[in-house]
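A.B. asks: If you're matching positions, the sequence shown starts at 1 in this note's numbering and goes up one per residue.
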Amino acid sequence: MGRNRSIHPNIWSDEAFVALSFDARLALLTLGTLCDSRDRFTSTTPGFDAVRHDLPQLIGAGRVEWDGSAGEVVYAFGFSRRRVSRWERIRQFIFDRDGRACTYCGAVDEPLHCDHVVPASRGGSNEPSNLTTACKPCNLSKNDRTPAEWLNSQTR
Ligand SMILES: [Zn+2]
1 MGRNRSIHPN IWSDEAFVAL SFDARLALLT LGTLCDSRDR FTSTTPGFDA VRHDLPQLIG
61 AGRVEWDGSA GEVVYAFGFS RRRVSRWERI RQFIFDRDGR ACTYCGAVDE PLHCDHVVPA
121 SRGGSNEPSN LTTACKPCNL SKNDRTPAEW LNSQTR
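Printed below as a string of structure tokens:
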């Protein structure tokens with residue numbers, strides 16, 4: 001224990017995960033929280049009895065692998081080893097807030113960037129009030145300008 005693990009943010013939109021029973025989802029989250037740095041969880045890990053019943057369904061769904069040759073070792077998938085950075089959490093918050101559409105042109109089918117309305121290079125903060133969702137073309141075009149400067153440059 002003592003490791004800080006993060007549930008992969010995409011897990012809630014993962015159809016295979018959502019299709020699992022409630023108990024199986026709970027079991028998988030338990031596995032993800034308690035397994036070691038190599039995603040391993042064994043029959044001696046505290047909490048094993050609570051998830052044992054759900055292992056067949058998790059194995060069937062491909063979320064867990066049972067390695068009998070190594071003793072009762074279970075590998076749980078769908079959990080990120082790297083910690084989700086604070087910036088990544090802010091980005092996802094901004095994208096959700098803005099409906100995953102570019103604030104400037106409304107595009108939803110372009111790669112999304114998190115744009116500093118007042119550019120960071122000019123003192124703009126990382127606060128949500130200064131961040132907005134921009135598609136890649138808009139963000140690259142706007143570059144280190146304010147929206148007003150950017151607009152002016154386009155209408156000239
Ligand atoms: Zn755009």
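Ideal placement from N, C-alpha and C gives every residue a C-beta, glycine not left out.
The structure displayed is predicted, hence computed values, not measured ones.
#1: Would you list the residues sitting across from residue 115 in a DSSP beta bridge?
#2: Could you tell me if the beta carbon of residue 106 falls within a distance shorter than 8 Å of some heavy atom in ligand 1?
#3: For residue 98, tell me which candidate among 90, 121, 111, 132 has the shortest Cα-Cα distance.
#4: Beta-carbon within less than 6 Å of residue 138's beta-carbon, same chain only, minus the 5 sequence neighbours each way: which residues are those?
#5: Which residues in the same chain as residue 20 place their Cβ atom closer than 8 Å to its Cβ, once the five residues preceding and following it in sequence are excluded?
#6: Cβ-heavy atom distance between residue 137 and ligand 1 below 8 Å?
#7: Any heavy atom of ligand 1 within a distance shorter than 8 Å of the CB on residue 110?
#8: Compare the beta carbon distance of residue 41 and residue 73 with 9 Å and say whether it is the shorter of the two.
#9: Please list, in chain order, all residues of the same chain as residue 112 whose beta carbon is under 8 Å from its beta carbon, the five residues on each side excluded.
#10: Which runs of the alpha helix (DSSP H) fall wholly inside the region 40-68 and span at least 4 residues, in chain order?
#11: Determine the closest residue to residue 91 out of 153, 22, 127, with distance taken between C-alpha atoms.
C.D. replies: So, to answer that:
#1: 132
#2: yes
#3: 132
#4: 102, 104, 105
#5: 28, 57, 58, 61, 63
#6: yes
#7: yes
#8: yes
#9: 95, 100, 102, 133, 134, 135, 136
#10: 48-52, 55-60
#11: 127
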